[in-house]
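Asker: Quick one: structure below, then a few questions.
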Ligand SMILES: NC(=O)c1ccc[n+]([C@@H]2O[C@H](COP(=O)([O-])OP(=O)(O)OC[C@H]3O[C@@H](n4cnc5c(N)ncnc54)[C@H](OP(=O)(O)O)[C@@H]3O)[C@@H](O)[C@H]2O)c1
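Numbering (the working numbering), first residue to last: 8 to 446.
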């Protein structure tokens, strides 16, 4: 790694998310001049040199106080192997924002592993993540490369939140048993909007549920153990929680990523070179995830759109129809038009992790109710294009700063399995993604 000239390369810098990542790098340098060390070098990569240069010009005029050096531009198209190899050969950590990942991610993962380049991405596509883990784990470990998927809003707040919550139990000598996750999205008067590539990823994700099942069948990772304590009830349909109100099952990446994290931990693939004496390997728990909705009317609308989306995503003609009319089939939530600055400023997220556990070791022969509970709340700004750039940059910086000290494992990993021994949660707090214990 020593001959690599760039600490970080942002790949896909011309896209909606990639550009926001570049902007955040500049913004952080303007607001917190001490954040980057003096010899920090970086690059931005994409298909068009002209578009990349335009972004640099825009950011340097928007952030005149930024102390960071201007990035170098690298032209790379995922279908041109030599260009991708040139990028990964010169870089310590690639941040990949080129999606949908199921179509374009593997080229970059392969190149990173072959060229000893660590990697983080913003995918929210479990089928891609689990396929990469199954295919490249051994090679990545052998080449001492760290590949970390889902380092955006999908799924760092939750996956690291689960580790954070488990640690609160183990620090007391308690046993965590279950965690329920509730996502609350706060939307301002101008509403919220997601990008077209995210909609495209979701359409193909729902369309390949069968493929994901096949990948899981072929997985050599250890299965999660049968719970020893009280079994967690999972509400498969809409439900009203006494504490939080209406919710529906969370259909995005977080449950798959949390499950994969737990399997990777159990299989022993998340062991870094060094182990801190005060940090225990997170034990398995039962997990359920829900999306909170503000009213019964919202539940009805969500259910109608959900059924229609699920039905259409199951066939090629249905997927074509969805992809043609994203606004129509998402009640205006996804569009080829980018979200406005005001929309981004007005939105925020809150993830509540409600957990239960025991203050004693469990005897599988006695079914005793849990006697300890802890609630953790993770908060942050707009999820897709404000929080995600902040999170993924901190993940890349966590690799840069912790790996040489022996605290980041090699292999194809999830956020929790890559960062459980690092300072990532402190880094996230530094950029406004907070983890707190709640009453
Ligand atoms: N985890 C999260 O919470 C989260 C949040 C936001 C986004 N995402 C994911 O991030 C991905 C990107 O989303 P987006 O909205 O930013 O999409 P986008 O605006 O369409 O950007 C896609 C980027 O990929 C580049 N690209 C396309 N084909 C390429 C190729 N053959 N070689 C090299 N680069 C290529 C595009 O370059 P050109 O400019 O040259 O077309 C562009 O830079 C999606 O998969 C989305 O789901 C995840």
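Ideal placement from N, C-alpha and C gives every residue a C-beta, glycine not left out.
Note that the structure is predicted; figures quoted are calculated from it, not measured.
(1) Indicate, with yes or no, if ligand 1 has a heavy atom lying under 6 Å from the CB of residue 266.
(2) If residue 403 and residue 15 are in contact, beta carbons under 8 Å, what's the gap, nearest whole angstrom?
(3) If you compare alpha carbons, which of 292, 217 and 123 is closest to residue 273?
(4) Measure how close the beta-carbons of residue 129 and residue 159 come, nearest whole angstrom, since I'm counting them as under 8 Å.
(5) CB-CB under 6 Å to residue 72, same chain, minus the five flanking residues each way: which ones, in chain order?
(6) Do residue 268 and residue 429 have their beta-carbon atoms positioned less than 7 Å apart in this structure?
(7) Taking the beta carbon of residue 375 as the centre, do at least 16 other beta carbons fall within 10 Å, making it buried, or is it exposed?
(8) Can you give the beta carbon distance from residue 141 to residue 226, rounded, assuming they're within the 8 Å contact cut?
(9) For residue 76, does the three-state DSSP call read helix, strand or coil?
(10) Whose CA, out of 398, 418 and 318, lies closest to the CA of residue 214?
(11) Considering only the alpha carbon of each residue, which of 200, 186 and 248 lies closest to residue 295?
(12) Would you say residue 453 touches ligand 1, meaning its beta carbon is less than 6 Å from a heavy atom?
(13) I think residue 228 touches residue 271, with their Cβ atoms under 8 Å apart; what is that distance to the nearest whole Å?
(14) Please determine, among 308, 336 and 235, the residue with the shortest C-alpha to C-alpha distance to residue 368.
(15) Pick from 138, 216, 101 and 410: whose alpha carbon is nearest that of residue 126?
(16) Residue 50 bridges to which residues according to DSSP?
(17) Looking at the unbroken beta strand (DSSP E) that takes in residue 362, where does it start and where does it end?
(18) Output yes or no for whether 7 Å exceeds the beta carbon distance between residue 288 and residue 255.
(19) Bridge partners of residue 312, per DSSP?
(20) Of all the options 104, 441, 407 and 166, which has the alpha carbon lying nearest to the alpha carbon of residue 260?
(21) Can you tell me whether DSSP reads residue 114 as helix, strand or coil?
(22) Do residue 320 and ligand 1 come close, with the Cβ less than 6 Å from some heavy atom?
(23) Within the continuous beta strand (DSSP E) that includes residue 98, where are the two ends?
(24) Taking DSSP as the reference, what is the three-state secondary structure of residue 213?
(25) Which two residues bound the contiguous alpha helix (DSSP H) that contains residue 136?
(26) Quick check: does the Cβ of residue 54 come within less than 6 Å of any heavy atom belonging to ligand 2?
(27) What I want to know is whether the C-beta of residue 165 ends up closer than 6 Å to one or more non-hydrogen atoms of ligand 1.
(28) Hey, residue 358 and residue 175: beta-carbon distance below 7 Å or not?
(29) When the Cα atoms are used, what is the spatial distance from residue 232 to residue 222?
(30) Is the Cβ-Cβ distance between residue 110 and residue 206 less than 7 Å?
(31) Going by beta-carbon coordinates alone, are residue 173 and residue 164 separated by less than 7 Å?
(32) What are the residues that DSSP puts in a beta bridge with residue 387?
(33) As a quick exercise: from 432, 441, 437 and 405, pick the residue whose alpha carbon is nearest that of residue 155.
(34) Would a C-beta distance cut-off of 7 Å place residue 85 and residue 279 closer than the cut-off?
(35) Which value, in whole angstroms, describes the spacing of the CA atoms of residue 444 and residue 361?
(36) Looking at residue 393 and residue 329, is the spacing between their C-beta atoms short of 7 Å?
Answerer: In this structure, then:
(1) Within the chain shown, the letter at position 259 stands for residue 266. No, since every heavy atom of ligand 1 falls outside the 6 Å radius drawn around the Cβ of residue 266.
(2) As a position in the chain shown, residue 403 is number 396, starting the count at 1. As a position in the chain shown, residue 15 is number 8, starting the count at 1. That pair is a contact at about 5 Å.
(3) Here residue 273 corresponds to residue number 266 of the chain shown, with the count starting at 1. Distances from the CA of residue 273 to each of 292, 217 and 123 were compared; the closest alpha carbon is that of 292.
(4) What you label residue 129 is simply residue 122 of the chain shown in a count that begins at 1. What you label residue 159 is simply residue 152 of the chain shown in a count that begins at 1. Rounded, the Cβ-Cβ distance is 4 Å, consistent with contact.
(5) Taking the first residue of the chain shown as position 1, residue 72 is located at position 65. Non-local beta-carbon contacts of residue 72 in its own chain, meaning distances under 6 Å to residues more than five positions away in sequence, involve 37 in chain order.
(6) For the purposes of this step, residue 429 is taken as residue 422 along the chain shown, with counting starting at 1. For the purposes of this step, residue 268 is taken as residue 261 along the chain shown, with counting starting at 1. Inclusion of residue 429 and residue 268 in the CB contact set at 7 Å is not warranted, their separation being larger than that value.
(7) Stepping through the chain shown from its first residue, residue 375 is reached at position 368. Exposed, because fewer than 16 other Cβ atoms sit within 10 Å of the Cβ of residue 375.
(8) Mapped onto the chain shown, residue 141 falls at position 134. Mapped onto the chain shown, residue 226 falls at position 219. Sure, about 6 Å apart at Cβ, within 8 Å.
(9) Taking the first residue of the chain shown as 1, we reach residue 76 at position 69. Judged by DSSP in its simplified three-state form, residue 76 adopts coil rather than helix or strand.
(10) Working through the chain shown from its first residue, we reach residue 214 at position 207. Of the listed residues, the one whose Cα sits closest to residue 214 is 318.
(11) Sequence index remark: in the chain shown, residue 295 carries index 288 (1-based). Residue 186 is the option with its Cα nearest to residue 295.
(12) The requested residue 453 is not part of the displayed model; the chain covers only 8 to 446.
(13) The sequence position of residue 228 within the chain shown is 221, counting from 1. The sequence position of residue 271 within the chain shown is 264, counting from 1. Yes, residue 228 and residue 271 are in contact; Cβ-Cβ is about 7 Å, under 8 Å.
(14) Reading the chain shown from its first residue, position 361 is the one you call residue 368. Checking every option, the nearest Cα to that of residue 368 belongs to 235.
(15) Your numbering for residue 126 matches position 119 in the chain shown. For residue 126, the closest alpha carbon among the candidates 138, 216, 101 and 410 is that of 101.
(16) Within the chain shown, numbered from 1, the residue matching residue 50 stands at position 43. Per DSSP, 16 and 79.
(17) Translated into positions along the chain shown, residue 362 becomes position 355. Where residue 362 is concerned, the enclosing beta strand (DSSP E) starts and stops at 355-365.
(18) Sequence index remark: in the chain shown, residue 288 carries index 281 (1-based). Sequence index remark: in the chain shown, residue 255 carries index 248 (1-based). No, these two residues do not count as a Cβ contact at 7 Å.
(19) The residue given as residue 312 occupies position 305 in the chain shown. Residue 312 is not bridged to any residue.
(20) Within the chain shown, numbered from 1, the residue matching residue 260 stands at position 253. Taking only the C-alpha atoms, the option nearest residue 260 is 166.
(21) By 1-based counting over the chain shown, the position of residue 114 is 107. Taken through DSSP and simplified to helix, strand or coil, residue 114 comes out as helix.
(22) The residue given as residue 320 occupies position 313 in the chain shown. Residue 320 Cβ: outside cutoff for every heavy atom of ligand 1.
(23) Working through the chain shown from its first residue, we reach residue 98 at position 91. Boundaries of the beta strand (DSSP E) around residue 98: 98-103.
(24) Within the chain shown, the letter at position 206 stands for residue 213. When DSSP states are grouped into helix, strand and coil, residue 213 belongs to the helix group.
(25) Numbered from 1 along the chain shown, position 129 holds the residue referred to as residue 136. Per DSSP, residue 136 belongs to the alpha helix (DSSP H) from 133-149.
(26) Ligands present in the displayed structure are limited to ligand 1, and ligand 2 is not among them.
(27) Here residue 165 is taken as the residue at index 158 of the chain shown, counted from 1. Result no, Cβ not under 6 Å from ligand 1.
(28) Translated into positions along the chain shown, residue 358 becomes position 351. Translated into positions along the chain shown, residue 175 becomes position 168. No.
(29) On the chain shown, position 225 is the one that residue 232 refers to. On the chain shown, position 215 is the one that residue 222 refers to. A direct Cα-Cα distance of roughly 20 Å separates residue 232 from residue 222.
(30) One-based indexing of the chain shown puts residue 110 at position 103. One-based indexing of the chain shown puts residue 206 at position 199. Taking 7 Å as the cut-off, the beta carbon of residue 110 is found no closer than this to the beta carbon of residue 206.
(31) As a working mapping, residue 173 is identified with position 166 in the chain shown. As a working mapping, residue 164 is identified with position 157 in the chain shown. Not closer than 7 Å, so no.
(32) Counting from 1 along the chain shown, the entry for residue 387 is found at position 380. For residue 387, the beta-bridge partners assigned by DSSP are 356.
(33) Along the chain shown, one-based indexing puts residue 155 at 148. Looking at the Cα atoms, 405 is the closest of the given residues.
(34) Counting from one through the chain shown, the residue named residue 85 turns up at place 78. Counting from one through the chain shown, the residue named residue 279 turns up at place 272. Result no, Cβ atoms of residue 85 and residue 279 do not sit closer than 7 Å.
(35) Working through the chain shown from its first residue, we reach residue 444 at position 437. Working through the chain shown from its first residue, we reach residue 361 at position 354. Roughly 10 Å between the two C-alpha positions.
(36) Numbered from 1 along the chain shown, position 322 holds the residue referred to as residue 329. Numbered from 1 along the chain shown, position 386 holds the residue referred to as residue 393. Contact flag unset, no.
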